[in-house]
Amino acid sequence: ECVYYIETRPALSECPWYTDIINYIIDHTYPEAVTPQQRRRLRIIVAKYVIIEQVLYRKAFDGMLL
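For the record, in the sequence shown the residue sitting at position 33 is 1220 according to the working numbering, with numbers rising by one throughout.
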């Protein structure tokens, strides 16, 4: 008798990786249940991004948009 066990990974969030960045840029809102350190880290990350005409761009060190 063969018994098969298939482990499934928990479903990842349906939101893309940049959702928190966009939410902070637009509304200055943080994700739920984040620590002060995570809030600080998000602010540091967000400083590298800008939204122009509803498109998220990453700023290079020289100011060029990527």
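Glycine residues also receive a C-beta, built at the ideal position from the N, C-alpha and C atoms.
Check                                                                                                                               : Outcome
Neighbourhood of Arg1245 by C-beta distance below 7 angstroms, restricted to the same chain and skipping five residues each side    : Lys1235, Tyr1236 and Leu1253
For Tyr1205, the nearest candidate out of Asp1249, Gly1250, Ile1232 and Glu1240 (CA to CA)                                          : Ile1232
Cut-off 7 angstroms between Cβ atoms - residues of its own chain near Ile1212, not counting five sequence neighbours on either side : Val1233, Tyr1236 and Ile1238
Residues of its chain near Asp1207, where Cβ-Cβ distance is below 7 angstroms and the 5 sequence neighbours each way are ignored    : Pro1218 and Leu1229
Candidates Arg1226, Arg1227, Ile1209 and Thr1216: closest to Val1242 by CA position                                                 : Ile1209
Within the segment 1198-1240, ranges of the beta strand (DSSP E) (whole runs, at least 3 residues)                                  : 1236-1239
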